[in-house]
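Numbering (my numbering), first residue to last: 10 to 329.
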């Protein structure tokens, strides 16, 4: 097993699950003697290297997790610590201890131009933690429920994944709620009663209502989201992003790209592409482009007007 590893991605819960799995596979049951966690926003490289080279107490192996390892990215360190990168480079190059070091950073990409990143790739293992596919999420749900001797009806599973936008973090949280709620197998009604609709799913519905010219439904949903403390400006930008996605998906689909290829080209979750394809076929490209232009104009009004933002948002829905 590689003693130097770096995990990166935007799915915090899935990265955390992977860290615990790898740590346990190396050191067994984790405790204060064999498991240490440090954060590079508040911990110096000197401390990290010293901890890595310190022999474990009352155990043969130990794991050191280093969170917020922005030193492997192009992002600036937001902490108050100035890091001695040369010291870490020297340690990684000459590492001869038995400490497993797991670096984690919540980012979409690393800076592969950095010598530090190149050295870690050469001496250890770098893993990108991606969102799960629909199949992987279904297997994950079933594996969790199997441990509790619980089954989930097929239509209930489908709705669970839809309401959580096929995102592992959302599925993880909502599944925990379902397990607390249900006394037996999980039904469609259980999911309807317990599982929250994700913001992404609501924004998609809002965009769909706008495209179908169902103004009353769009205004009602917009009001509900604002009551849930969602900022009108944030909702506006999410809707603009959704229209942009629709437009891009429409163009790529007309060029012969398939669902998976579109997701890779646009670097978005396949589920978003799947939903977009389901609807963009109904609307001409010119229609989507005109909506994007209207969004741009309304965005300017938002930023320059002194009117109440909630009122402006409803006017936006009615105008577009």
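Just so you know, even glycine gets a beta-carbon here, dropped at the ideal spot from N, CA and C. Here the structure is a predicted model, which is why all the values come from computation and not from measurement.
What is the rounded straight-line gap between the Cα of residue i and the Cα of residue j?
i	j	result
residue 140	residue 175	9 Å
residue 206	residue 237	12 Å
residue 311	residue 318	7 Å
residue 280	residue 173	11 Å
residue 158	residue 210	30 Å
residue 115	residue 77	7 Å
residue 79	residue 85	7 Å
residue 336	residue 39	With the chain represented from 10 up to 329, any question about residue 336 goes unanswered, as that position is not in the structure.
residue 50	residue 225	48 Å
residue 295	residue 260	11 Å
residue 100	residue 258	46 Å
residue 278	residue 64	43 Å
residue 297	residue 288	11 Å
residue 94	residue 222	56 Å
residue 16	residue 234	34 Å
residue 327	residue 142	36 Å
residue 292	residue 220	8 Å
residue 161	residue 119	38 Å
residue 59	residue 106	11 Å
residue 113	residue 329	43 Å
residue 182	residue 48	25 Å
Which word fits residue i, buried or exposed, when buried means at least 16 other C-beta atoms lie within 10 angstroms of its C-beta?
i	result
residue 83	exposed
residue 195	buried
residue 315	exposed
residue 300	buried
residue 10	exposed
residue 34	exposed
residue 19	exposed
residue 147	buried
residue 145	exposed
residue 5	Since the first residue of the chain shown is 10 and the last is 329, residue 5 is not available in this structure.
Between residue i and the rest of its own chain, which residues show a CB-CB distance below 8 Å, the 5 nearest in sequence each way excluded?
i	result
residue 36	43, 44, 68, 70, 71, 72 and 109
residue 190	199, 202 and 203
residue 275	254, 257, 258, 261 and 282
residue 186	203 and 204
residue 124	98
residue 136	14, 15, 16, 17 and 27
residue 245	304, 307, 308, 311, 322 and 325
residue 129	13, 15, 81, 101, 112 and 135
Helix or strand or just coil, what does DSSP make of residue i?
i	result
residue 11	coil
residue 141	coil
residue 93	coil
residue 18	strand
residue 134	strand
residue 318	helix
residue 270	helix
residue 256	helix
residue 287	helix
residue 81	helix
residue 305	helix
Starting from the C-beta of residue i, find all residues in its chain whose C-beta is less than 6 Å away, skip the five residues before and the five after it, and write them out in chain order.
i	result
residue 23	138 and 177
residue 14	111, 133 and 134
residue 46	74
residue 90	53
Return yes when at least one heavy atom of the ligand ATP lies under 7 Å from the C-beta of residue i, else no.
i	result
residue 127	As presented, the structure is devoid of all ligands, the ligand ATP included, so that no description of it is given.
So, at 7 Å on beta carbons, what are the nonlocal neighbours of residue i in its own chain, with the 5 sequence-adjacent residues on each side left out?
i	result
residue 284	213
Does the structure place the segment 297 to 310 close enough to the segment 240 to 259 that three or more beta carbon pairs sit under 8 Å? Yes, the segment 240 to 259 is in contact with the segment 297 to 310.
Next item on the list: Specify whether the segment 186 to 204 and the segment 152 to 171 touch according to this definition: at least 3 beta carbon pairs, one from each stretch, less than 8 Å apart.
Entry: yes
At a cut of 8 Å, does the segment 224 to 240 reach the segment 262 to 279 through at least three beta carbon pairs? no
Assess contact between the segment 55 to 63 and the segment 12 to 29, defined as three or more Cβ pairs (one per stretch) separated by less than 8 Å. Is contact present?
no
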